[in-house]
Amino acid sequence: TIKRPLNEEIIATHNAKHSAAIDADYAALAAKLARVGINIDAVKAKVASFAVAIPSWGTATGGTRFGRFPIPGEPTNVQERLTDCAVVQQLCRVTPGVSTHFPWDNTSDPAAMREEAESLGLYFDAVNSNTFQDQPGQAETYKFGSLSAAAKASREQAIAHNIDCIEIGKKLGSKALTVWVGDGTNFPGQQSFRDSFDRYLDSSAAIYAALPSDWLMLIEHKFFEPAFYSTVIADWGVNLMAANALGAKARCLVDLGHHAPNVNVEQIVSMLDRVGKLGGFHFNDSKYGDDDLDAGAINPHRLFLIFNELVEAELRAPKEFAPAYMIDESHNLTDPAESLLSAAEAIVCAYARALLVDRVALKAHRESNDVLMAFKTLRAAYNIDVSPLVAKARVDAGGAADPVAALRESGWRKAKAAERKSEVNKAAGII
Ligand code: LRH
Ligand code: MN
Ligand code: MN
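Every number in UniProt numbering is 1 more than the matching position in the sequence shown, counting from 1.
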């Protein structure tokens, strides 16, 4: 049996309070959808099979380059991070995967970590490497780059770290390595764009060669930060060049915050899928850049349009379609578990809405160039409040009717505040 961190009775009591309302709202939505020929139970079954991974590091407060505001009771080590992932999953039931990051999740015993995760009903998703920070005691610096650095020794160290990540990931049961590098320049003339990219490719080929046959290498592009003049893997074009050069197991990963403002990300999704290179997503939202705000918080419509492309892609090739989904946010102001729950809800709701698009009608409107009706077909799905459907799927799977409310009712964070060696407790001299 799975160890669930929260008392199941608290969730049952919570659900009992909400069940009549959920059933009534679900029945009303079922009737509304039936009028346009949609079987709500079929949509619910799709929603029930949806999963988006939690980044282990996203369970603790994030921060900006200006500061961090830790909260009492936040996780302080990998075991506590896994426990919080299990709390989120217990409540929302769409986040069974955990994406790790090394060395942040450092462990001397990955096999035990895997057992621990499995006992909590979790599995390990993509492993993330880190060559954008220097670690204490490391021989070479990444100050001037990692996989693309002019210094061979820095490149070799970065390659070795990625291969270590693959080795740990094998023991965790992961099937993908996500590589994001901070490599780039701050000054015109600092480096040759072309030579930097060539060095990146050479280094990445060495990592690629160490990938097990059933693994993928997910390459994450980002147009700025920490480098502000140029980055080596700046956008999806360069990303695709790299993925093509490396081989079939290399795919492009789209982080929603890693594009210039107003870029049409849903079109990028469609194009990458077109060439079989859509590897995965990091979900978050942004207003200005890589803001790492909660998914759907700023522009839920864009999230819907992205899922619209994803649903279309899946319908086209259901067997091959398996992008890795992860939440990648920085929780500066909120309790991370609450933000993860609210983001997971926004993501699964965007997916559910995209499932409701009348694709036969859309195709016909496209063929007859009925612009307004094509638009209205999409908008009709976006306008449907799918929350009763998503809530019903969640409760049927054992989750909570209102995950954030149930978490608060459980008193989880307060209880952990007394136990965990958080920075806040340390600063207050409690621990
Ligand atoms: C930096 C970043 C990136 C990675 C993560 C580890 O932009 O947020 O998106 O996925 O750090
Ligand atoms: Mn990311
Ligand atoms: Mn980012």
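Each residue gets a CB set at the ideal place from its N, CA and C atoms; glycine is no exception.
- Per DSSP, Ser175 is not a residue of any alpha helix (DSSP H), being assigned neither H nor E.
- Residue environment: Phe308 is assigned as buried (16 or more neighbouring CB atoms within 10 Å of its CB, all protein chains considered).
- DSSP links Pro56 through a beta bridge to Ser100.
- When the five nearest sequence neighbours on each side are left out, no beta carbon in the same chain lies closer than 6 Å to the beta carbon of Ala152.
- Sixteen is the threshold: when 16 or more other Cβ atoms of the shown chains lie within 10 Å of the Cβ of Ile23, as they do, the residue is buried.
- In this structure, the C-beta of His260 stays at least 6 Å away from each heavy atom of ligand 2.
- Considering only Cys166, Ala159, Glu226, Glu221, the residue with the shortest C-alpha distance to Asp203 is Ala159.
- Taking C-beta separations shorter than 7 Å and ignoring five residues to either side along the sequence, the partners of Lys45 in its chain run Leu390, Lys393, Ala394, following chain order.
- Taking 7 Å as the cut-off, the Cβ atoms of Pro97 and Gln136 do not count as close.
- Apart from sequence neighbours up to five positions away, the residues of its chain that approach Gln192 with a beta-carbon distance below 6 Å are Thr186, ordered along the chain.
- Rounded to the nearest whole angstrom, the CA to CA distance from Gln80 to Glu116 is 11 Å.
- Counting the other CB atoms within 10 Å of its CB gives Ile328 a total of 16 or more, which places it among the buried residues.
- Look at the beta carbons and you see the segment 370-387 not touching the segment 77-94: under three pairs across the two are nearer than 8 Å.
- Look at which beta carbons fall closer than 5 Å to any heavy atom of ligand 2; those residues are Asp256, His283, Asp329.
- By the neighbour-count definition (other C-beta atoms within 10 Å, threshold 16), Val361 is an exposed residue.
- Residue pairing from DSSP places Val128 in a beta bridge opposite Thr101, Leu178.
- When distances are taken from the beta-carbon of Asp291 to the heavy atoms of ligand 3, the shortest one is below 6 Å.
- Per the C-alpha coordinates, the member of Ile3, Lys18, Thr2, Lys250 positioned closest to Val396 is Lys18.
- By the beta-carbon neighbour count (other beta carbons within 10 angstroms, threshold 16), Ala318 is exposed.
- Out of Leu379, Ala32, Leu92, Gly412, the CA that lies nearest to the CA of Ala351 is found in Leu379.
- Annotation: the continuous beta strand (DSSP E) that includes Ala251 extends over 251-256.
- Counting C-beta pairs closer than 8 Å gives three or more between the segment 268-276 and the segment 252-259, which meets the contact rule.
- Relative to ligand 1, even the nearest heavy atom lies 6 Å or more away from the CB of Trp216.
- Per the coordinates, the alpha-carbon of Ser343 lies some 7 Å from the alpha-carbon of Val405.
- Between Leu173 and Pro111, the C-beta spacing is below 7 Å.
- Residue pairing of Ile328 in beta bridges, as defined by DSSP: Phe284.
- Under DSSP, Thr232 shares a beta bridge with Gly185.
- Under DSSP, Gly68 shares a beta bridge with Thr65.
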